[in-house]
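Chemist: One structure, as structure tokens, below. Some questions next.
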Amino acid sequence: MEQYLPTIKDLLDIKDELYAKGLITPFGGNISVRCPDDPKKVLITPGSVYKKNLRPDQFLCVDLEGNILNESKYKTTSETPIHLTILRDRPDINAVIHTHPVYTTIVGLTEIEFLPITSDAVIVGKLPIVEWTRTGTAESGQTLSQAFSKGGLFAVIRNHGLVVGGPTLHFASGITSMIEDTCKELVICKSMGITPKLLSKEDIDYIHMRRGQV
Ligand SMILES: [Zn+2]
146 MEQYLPTIKD LLDIKDELYA KGLITPFGGN ISVRCPDDPK KVLITPGSVY
196 KKNLRPDQFL CVDLEGNILN ESKYKTTSET PIHLTILRDR PDINAVIHTH
246 PVYTTIVGLT EIEFLPITSD AVIVGKLPIV EWTRTGTAES GQTLSQAFSK
296 GGLFAVIRNH GLVVGGPTLH FASGITSMIE DTCKELVICK SMGITPKLLS
346 KEDIDYIHMR RGQV
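With my numbering applied, the sequence shown corresponds to residues 146 to 359, in that order.
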């Protein structure tokens with residue numbers, strides 16, 4: 146695992162960032178990323194470990210079937226099937242972040258419409274919702290992989306949380322925050338009985354055009 150320490154440091158940095166925002170909780174949420182030297186190997190957070198104090202030696206290296214490849218007394222997160230099914234089915238995705246964000250979960254439960262209220266919301270676009278599945282089952286992975294099958298990179302799991310994939314950890318983390326921030330704004334508007342003013346079609350086109358140039 147020595148050779149993966151820089152990647153594990155990235156995982157810890159992203160975990161700290163998401164933990165500070167309350168998106169990863171002491172026992173909720175997990176992160177995975179392909180090993181830099183082999184796309185068929187994945188570094189993933191352990192299960193049943195207090196997330197705030199995660200250490201580099203607690204991360205696990207697994208193959209895409211979930212076999213643990215390093216010596217460790219820890220086991221992989223119970224939500225490993227979600228990560229590995231997506232990584233098996235989508236070679237373009239290198240990192241998967243699963244979080245338990247409060248406002249996104251409320252949107253999943255209440256189906257408050259995900260509206261273009263900010264540029265973040267426009268970039269996210271539509272927010273797919275999939276039904277709850279039992280943790281650790283093959284079905285939990287298949288449900289997400291299906292939601293990602295048309296090039297999608299994220300989905301809300303009803304009664305549970307959010308899964309985001311991306312080419313890098315930073316991309317997946319950024320999208321996770323954009324989704325949660327937008328859901329928070331929408332839930333607060335709804336709670337206040339306010340119908341938010343939406344960006345116009347021209348503004349939306351402009352945001353997409355500017356994004357294409359970046
Ligand atoms: Zn979860």
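Every residue, glycine too, gets a C-beta built ideally from N, C-alpha and C.
Only a predicted model underlies this, so the values are computations on that prediction, with no experimental measurement involved.
1. May I have the straight-line CA-CA distance separating Val-359 from Ser-264, to the nearest angstrom?
2. Tell me, please, whether the stretch 208-220 touches the stretch 235-254 by the rule of three or more beta-carbon pairs shorter than 8 Å.
3. Is any heavy atom in ligand 1 found nearer than 7 Å to the beta carbon of Gly-253?
4. Using 8 Å as the threshold, is the stretch 176-186 in touch with the stretch 332-347, meaning 3 or more CB pairs across them?
5. Note down, in chain order, each residue of its chain lying with its Cβ closer than 6 Å to the Cβ of His-305, except the 5 sequence neighbours on either side.
6. Taking DSSP's pairing of strands, which residues face Arg-179 in a bridge?
7. Please work out which residues of its chain come closer than 6 Å, Cβ to Cβ, to Cys-328, disregarding the five sequence neighbours upstream and downstream, and give them in chain order.
8. Following a CB-centred definition, is Gly-174 positioned closer than 7 Å to any heavy atom of ligand 2?
9. Put Gly-167 into one of helix, strand or coil per three-state DSSP.
10. Any chance the CB of Gly-306 is under 7 Å from a heavy atom of ligand 1?
11. Would you list the one or two residues that DSSP bridges to Phe-299?
12. Write down every uninterrupted run of the alpha helix (DSSP H) in the stretch 238-294 whose length is 4 residues or greater and which is fully enclosed by it, in chain order.
13. With distance defined between alpha-carbon atoms, name the residue in Ser-290, Gln-287, His-353 and Ile-189 nearest to Val-269.
14. Which of the three DSSP states is assigned to Val-332 in this structure?
15. Quick one: what's Gly-192 bridged to in DSSP?
16. Do you know whose CA, among Glu-256, Val-267 and Ser-290, lies nearest Asp-234's CA?
17. Within its chain, find whatever has a CB closer than 8 Å to the CB of Gly-297; leave out the 5 residues flanking it on each side and keep chain order.
18. Return yes when at least one heavy atom of ligand 1 lies under 7 Å from the C-beta of Glu-325, else no.
19. With Lys-196 and Ile-169 assumed to form a contact (beta carbons below 8 Å), what rounded beta-carbon distance in angstroms separates them?
20. From Ile-238 to Gln-287, what distance separates their C-alpha atoms?
21. Out of curiosity, what's the CA-to-CA distance linking Cys-206 and Ile-153?
22. Would you kindly check if the distance between the Cβ of Ile-324 and the Cβ of Ile-242 is under 8 Å?
23. Inspect the beta-carbon positions of Leu-188 and Phe-172 and report whether they are closer than 8 Å.
Modeler: According to the data block:
1. Its pLDDT being 47, under 50, Val-359 is placed unreliably by the model, and the measurement read from it follows with that caveat. Roughly 14 Å between the two C-alpha positions.
2. no
3. no
4. no
5. Trp-277
6. Val-187
7. Tyr-248, Thr-249 and Val-252
8. Ligands present in the displayed structure are limited to ligand 1, and ligand 2 is not among them.
9. coil
10. yes
11. Val-309
12. 247-255, 264-269 and 283-292
13. His-353
14. helix
15. Answer is none; Gly-192 lacks a bridge partner.
16. Ser-290
17. Pro-273
18. no
19. 6 Å
20. 16 Å
21. 10 Å
22. no
23. no
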